[in-house]
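Novice: My questions will all concern the structure given below.
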Amino acid sequence: MKRIRYTGPAAVLGLLLSLAVPAAAQRTLTLQECRQLCRDNDYRLRNAELDILSARARKGEALAEFFPSVSASAMAFKALNPFIDIGVTDILGKNEAAWNINGYWEEFASQNALPTRYRTLEYGYSASLSLTQPLFAGGRIVTGNRLASLGVEAATLQKEISVQSVLKQLDEKYWQVVSLQEKQKTLQGALELLDSLQKDVRSAMGAGLLTESDLLQVRLRSSELKNTSSKLKGGLRLAKMDLLNMISFPYSSLTAVADSLRPFIDDIVLADSLSGFLPPEEYWMDEEQMAAGMEESRLLELRGEAKSLERKMTVGEALPSVGAGALYGYGKSIGDGRLNGAVFAVVKMPLTDWGKTSQKLRRCDYEIRKAANEKEYLDAQLVLRARQAWLELNTAWEQMLVSEESAGYAATVFEHQKASFGAGMSTLSELLQVENTLRQSEDALLDSRMEYRKALNAYLLLQH
Numbered sequence: 001m002k003r004i005r006y007t008g009p010a011a012v013l014g015l016l017l018s019l020a021v022p023a024a025a026q027r028t029l030t031l032q033e034c035r036q037l038c039r040d041n042d043y044r045l046r047n048a049e050l051d052i053l054s055a056r057a058r059k060g061e062a063l064a065e066f067f068p069s070v071s072a073s074a075m076a077f078k079a080l081n082p083f084i085d086i087g088v089t090d091i092l093g094k095n096e097a098a099w100n101i102n103g104y105w106e107e108f109a110s111q112n113a114l115p116t117r118y119r120t121l122e123y124g125y126s127a128s129l130s131l132t133q134p135l136f137a138g139g140r141i142v143t144g145n146r147l148a149s150l151g152v153e154a155a156t157l158q159k160e161i162s163v164q165s166v167l168k169q170l171d172e173k174y175w176q177v178v179s180l181q182e183k184q185k186t187l188q189g190a191l192e193l194l195d196s197l198q199k200d201v202r203s204a205m206g207a208g209l210l211t212e213s214d215l216l217q218v219r220l221r222s223s224e225l226k227n228t229s230s231k232l233k234g235g236l237r238l239a240k241m242d243l244l245n246m247i248s249f250p251y252s253s254l255t256a257v258a259d260s261l262r263p264f265i266d267d268i269v270l271a272d273s274l275s276g277f278l279p280p281e282e283y284w285m286d287e288e289q290m291a292a293g294m295e296e297s298r299l300l301e302l303r304g305e306a307k308s309l310e311r312k313m314t315v316g317e318a319l320p321s322v323g324a325g326a327l328y329g330y331g332k333s334i335g336d337g338r339l340n341g342a343v344f345a346v347v348k349m350p351l352t353d354w355g356k357t358s359q360k361l362r363r364c365d366y367e368i369r370k371a372a373n374e375k376e377y378l379d380a381q382l383v384l385r386a387r388q389a390w391l392e393l394n395t396a397w398e399q400m401l402v403s404e405e406s407a408g409y410a411a412t413v414f415e416h417q418k419a420s421f422g423a424g425m426s427t428l429s430e431l432l433q434v435e436n437t438l439r440q441s442e443d444a445l446l447d448s449r450m451e452y453r454k455a456l457n458a459y460l461l462l463q464h
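Residue 299 in the numbering used here sits at position 299 of the sequence shown, with consecutive numbering throughout.
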């Protein structure tokens with residue numbers, strides 16, 4: 001029996017505290033949780049949503065053009081001199097009859113305390129309320145609203161494209177962490193295997209079958225794997241940090257400050273694994289159908305529609321515009337102030353812009369044809385993109401099957417070599433060499449599964 005040595009109250013207190021502190025709870029994240037967090041927190045997707053809201057506001061601006069515009073105005077003035085200052089000679093002219101009448105008037109005005117000249121518009125003020133309703137604007141109001149609706153749809157499609165791009169990056173980061181987790185498990189299995197082998201070597205040394213040199217070989221191999229494990233652990237932490245930063249998930253890189261809201265980085269584990277894959281045929285979709293369903297294809301259609309609507313706007317600029325309105329207000333400038341109102345109609349006909357408009361229409365026609373050519377070319381590129389994704393998926397599947405076969409052969413060879421070593425028919429060096437080959441084949445298998453998962457995610461994103 002082992003003897004327990006009493007080291008004092010401090011040791012007992014430390015033991016009690018260690019027992020009182022609960023073990024850190026593992027925080028498991030799934031791919032769907034990470035995707036949802038990314039949708040909610042990624043700045044690019046938030047900006048894409050703001051673009052949609054901006055396009056909707058622009059549509060509201062265009063819709064307001066259908067309704068009448070109401071405005072209020074007020075004005076007041078004070079002149080240095082009256083704007084109107086006239087006498088008899090100003091009306092009748094400077095002639096003898098006017099001078100005679102002016103003389104009679106001045107005499108009569110002085111006797112009755114009247115002014116000899118008429119002065120007004122020295123000061124005044126007014127306030128009015130007007131309403132104007134556009135009746136016809138060459139179709140520009142209707143066309144502008146259609147353009148605004150296309151803008152909302154284009155912003156929505158652009159957001160979906162951004163979502164696909166961001167989720168593709170997220171999936172790659174997610175499965176990279178999963179791959180490193182699996183490699184960590186594989187490496188831990190190899191270390192446990194070497195620990196078991198080390199015990200067997202010690203037993204064989206006790207029986208005189210092996211030497212200390214053999215034990216040193218096992219320890220050297222174990223030390224190499226521990227060094228690899230340490231590097232892998234650091235790489236796994238960096239990969240997790242990259243993923244968690246992308247989804248804005250709080251974490252701590254120090255155990256002393258970690259809590260339930262900010263778990264320690266090593267306590268955050270991804271739930272999925274690189275297994276359970278189906279062959280590519282289970283996910284196949286017709287390339288033409290896939291390309292037609294891509295948001296990029298619809299964006300190309302919207303571009304052509306927008307160019308056609310811009311041409312209609314240009315035609316509308318050359319057509320007359322008609323409006324009607326009403327005005328009501330109060331004013332005082334000559335005599336007593338009073339209320340008054342009026343109705344009016346406005347017709348505006350551009351007369352000198354036909355030459356400019358015809359050239360602008362010709363330019364719009366060229367742009368419409370250019371948009372059609374670009375759509376034809378880019379539609380073919382989208383089909384090619386779908387076919388390339390399918391080819392990459394099949395290539396990754398074939399490479400994964402080859403890696404699985406190689407890993408199976410390596411496992412079989414290791415079991416045979418292990419049995420041969422146990423029977424004394426092979427050396428320890430040969431066994432360690434086969435073990436190293438086995439671990440390399442397992443790493444290669446995980447890498448091939450990772451590549452297949454990446455290719456599959458990229459192919460599936462093209463279908464949505």
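Glycine is no exception: its CB is placed at the ideal position from the N, C-alpha and C atoms. Remember, it's a predicted structure, so these values are computed and weren't measured experimentally.
Check Ile334 in the structure and name its three-state DSSP category.
Specialist: coil
Novice: In the DSSP assignment, what residue or residues form a beta bridge with Gly316?
Specialist: DSSP lists no partner for Gly316.
Novice: Using 7 Å as the threshold, is the C-beta distance between Ala239 and Gln198 below it?
Specialist: no
Novice: Is it the case that the segment 315-330 contacts the segment 134-143, given that we only count it when at least three CB pairs across the two stretches are under 8 Å?
Specialist: yes
Novice: Throw me the rounded Cβ distance for the Arg219 and Glu287 pair, which I believe falls under 8 Å.
Specialist: In this structure Arg219 does not touch Glu287 by the C-beta definition: roughly 57 Å separates them, more than the 8 Å allowed.
Novice: Report yes if the CB atom of Phe414 is closer than 7 Å to the CB atom of Val434, and no otherwise.
Specialist: yes
Novice: For Phe249, name the three-state secondary structure that DSSP assigns.
Specialist: coil
Novice: Between the C-alpha atoms of His466 and Glu192, what's the straight-line distance to the nearest angstrom?
Specialist: Residue 466 falls outside the range modelled here, since the chain spans only 1 to 464, and no answer is possible.
Novice: Considering just the uninterrupted stretch of the alpha helix (DSSP H) at Leu193, what are its terminal residues?
Specialist: Start and end: 140-206.
Novice: Using beta-carbon positions only, say whether Ser297 and Leu187 come within less than 7 Å of one another.
Specialist: no
Novice: What is the DSSP secondary structure of Ala23, counted as helix, strand or coil?
Specialist: Residue placement at Ala23 is poorly supported in this model, since its pLDDT is 46, which falls under 50; the coordinates still yield a value, given next. Here Ala23 sits in coil by DSSP.
Novice: Under three-state DSSP, which class holds Leu135?
Specialist: strand
Novice: Enumerate in chain order the residues of its own chain whose CB-to-CB distance from Asp51 is below 8 Å, with the five nearest sequence positions on each side excluded.
Specialist: Result list for Asp51: Ala155, Gln158, Lys159, in chain order.
Novice: Over the uninterrupted alpha helix (DSSP H) stretch that includes Arg262, give me the two end residues.
Specialist: Premise fails: Arg262 is in no alpha helix (DSSP H) and is neither H nor E.
Novice: Does the segment 353-362 come within contact of the segment 240-256, defined as at least 3 CB pairs closer than 8 Å?
Specialist: no
Novice: Where Pro22 and Leu232 are concerned, what is the direct C-alpha to C-alpha distance, given to the nearest angstrom?
Specialist: Here Pro22 scores only 43 on pLDDT, less than 50, and its place in the model should not be relied on; the value that follows carries that caveat. Cα to Cα, the separation comes out at about 27 Å.
Novice: Helix, strand or coil for Lys307, going by three-state DSSP, please let me know.
Specialist: helix
Novice: Can you find the residues in the same chain that come closer than 8 Å, C-beta to C-beta, to Gly87, ignoring five residues on each side of it along the sequence?
Specialist: Asn102, Thr116, Arg117, Tyr118
Novice: On a Cα-Cα basis, can you pick out the residue from Leu225, Asp353, Asn394 that is closest to Pro279?
Specialist: Asn394
Novice: Need the endpoints of the alpha helix (DSSP H) that Lys454 sits in, please.
Specialist: 428-462
Novice: Under three-state DSSP, which class holds Lys117?
Specialist: It should be noted that the sequence gives Arg, not Lys, for residue 117. Coil at Arg117, not helix or strand.
Novice: Looking at Ile141: is its Cβ nearer than 7 Å to the Cβ of Glu61?
Specialist: no
Novice: For Tyr283, count neighbouring Cβ atoms within 10 angstroms of its own Cβ and tell me buried if that reaches 16, exposed if not.
Specialist: With fewer than 16 other CB atoms across the displayed protein chains lying within 10 angstroms of its CB, Tyr283 is exposed.
Novice: Tell me whether Ala271 sits in a helix, a strand or coil according to DSSP, three-state version.
Specialist: coil
Novice: Following the continuous alpha helix (DSSP H) through Lys360, name the residue where it begins and the one where it ends.
Specialist: 354-422
Novice: Is DSSP giving Ala484 helix, strand or coil here?
Specialist: Nothing about residue 484 can be read from this structure; the chain reaches only from 1 to 464.
Novice: According to DSSP, is Thr211 part of a helix, a strand, or is it coil?
Specialist: coil
Novice: Where does the unbroken alpha helix (DSSP H) through Asp286 begin, and where does it stop?
Specialist: From DSSP, Asp286 is part of no alpha helix (DSSP H); its letter is neither H nor E.
Novice: Within its chain, find whatever has a CB closer than 7 Å to the CB of Trp354; leave out the 5 residues flanking it on each side and keep chain order.
Specialist: Ala318
Novice: From Pro250, Arg262, Ile268, pick the residue whose C-alpha is nearest to that of Arg237; which is it?
Specialist: Ile268
Novice: Leaving out the 5 sequence neighbours to the left and right, which residues in its chain are closer than 7 Å to Ala291 when beta-carbon positions are compared?
Specialist: Ser297, Asp379, Leu382, Val383, Ala386
Novice: Around the Cβ of Ala259, are there at least 16 other Cβ atoms within 10 angstroms (buried) or fewer (exposed)?
Specialist: Per the sequence presented here, residue 259 reads as Asp, with Ala not at that position. Exposed.
Novice: Can you name the residues that DSSP bridges to Lys94?
Specialist: Paired residues: none, contrary to the question.
Novice: Return yes when the Cβ of Glu374 is within less than 7 Å of the Cβ of Lys307, no when it is not.
Specialist: no
Novice: Any idea if Trp397 is buried or exposed, counting beta-carbon neighbours within 10 angstroms, 16 or more meaning buried?
Specialist: buried
Novice: How would you write the range of the beta strand (DSSP E) that Asp85 sits in, first residue to last?
Specialist: 84-86
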